[in-house]
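In what follows, a structure is listed as structure tokens, so that the remarks can point back to it.
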Amino acid sequence: MKFENTSRPEWLTFDCYGTLIQWDEGLQAVAAKILGTKGQYSVDANRLIDVYDRHEHRLEQTPPHRSFRQLSTLGLQLALEELELPSSAEDSQQLVGAIPQMPPFPEVLDTLARLKAMGFKLCIVSNTDDDIIAGNVAQLGGHIDRVITAQQAGAYKPNPRLFDYAHQQLGVRRDEVVHICASPHLDHTAARDMQFRCVWIDRGTGRQLLPDYRPDATVSTLDRVVPLFESLGW
């Protein structure tokens, strides 16, 4: 699906972490801090993040449904054990406590304001808990109209149930929304399987597209979405 000859959406949905909020940067900082408290400077923070991500994503798709706080705690514990490092309750407290403080990317607030001025309604759809994301949303200038979380839907991306729940809450069909995201693994999988329109924010992190899916548009930063939509007459 491409944007040409498709209708202007009333709602834009956004992935939060990595799209609006500086997730990679924040995660690297907290991983380095956790390793530093253990005196494990020989283990690279990116290595810990890679192992943690693998465990956390697997747990998200493994019944029963658990809160993100529970999953992140268990995922971090499993990652540290795999790396033969000691784990403690303080580790997950550091991780979960750092997430709400992660700031938006520099262009995000102005871009959200411009999109609102263009008449769009803005909704976040995120794999997290309500209380965790509240701190991030509070940094977004009051521009977000709705926040839909995995906690509310009882499912994590790329499970279609999360997006079906979001669309039901917004009162839109799949073809009446445009999703803006940074994660091929999670959001593109859902866009491919559910056939909703999607803009990829490729911030040069090295994330690779799926072999069998291409988003409707790709831009390097969120502010490039504005001229893209203007070129479509939206």
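Going by the working numbering, the first residue of the sequence shown is number 60, and it counts up by one from there. Note that the Cβ used here is the ideal one computed from N, Cα and C, for glycine as well.
- The C-beta distance from P159 to N186 rounds to 15 Å, too long to fall under 8 Å, and the pair is not in contact.
- With distances taken between CA atoms, S131 lies nearest to Q153 out of E143, Q153, P122, P145.
- With a cutoff of 7 Å on beta-carbon distance, W259 and R67 are scored as not near each other.
- Under the three-state reduction of DSSP, H238 is assigned to strand.
- DSSP, read as helix, strand or coil, puts A276 in strand.
- In this structure, L171 keeps its C-beta atom at 7 Å or more from the C-beta atom of K216.
- Taken atom to atom, the span from the alpha-carbon of R128 to that of V155 is near 7 Å.
- In terms of Cα proximity to D74, the closest of W82, A104, P270, I183 is I183.
- By the neighbour-count criterion, in which a residue is buried when 16 or more other Cβ atoms sit within 10 angstroms of its Cβ, E140 is exposed.
- Between G134 and L144, the C-beta spacing is not below 7 Å.
- For T72, the enclosing beta strand (DSSP E) begins and ends at 70-73.
- When secondary structure is reduced to three states using DSSP, W259 falls in the strand class.
- In the three-state reduction of the DSSP assignment, L86 falls in the helix class.
- In this chain, I207 is not harboured by any alpha helix (DSSP H); it is covered by the beta strand (DSSP E) spanning 205-208.
- Rounded to the nearest angstrom, the gap between the Cα atoms of E289 and R232 is 23 Å.
- In this structure G85 touches A157 by the C-beta definition: roughly 6 Å separates them, less than 8 Å.
- For Y215, the three-state secondary structure derived from DSSP is coil.
- Take the alpha-carbon of K92 and the one of L221: they are about 32 Å apart.
- In this structure, the beta-carbon distance from Q210 to D189 falls below 7 Å.
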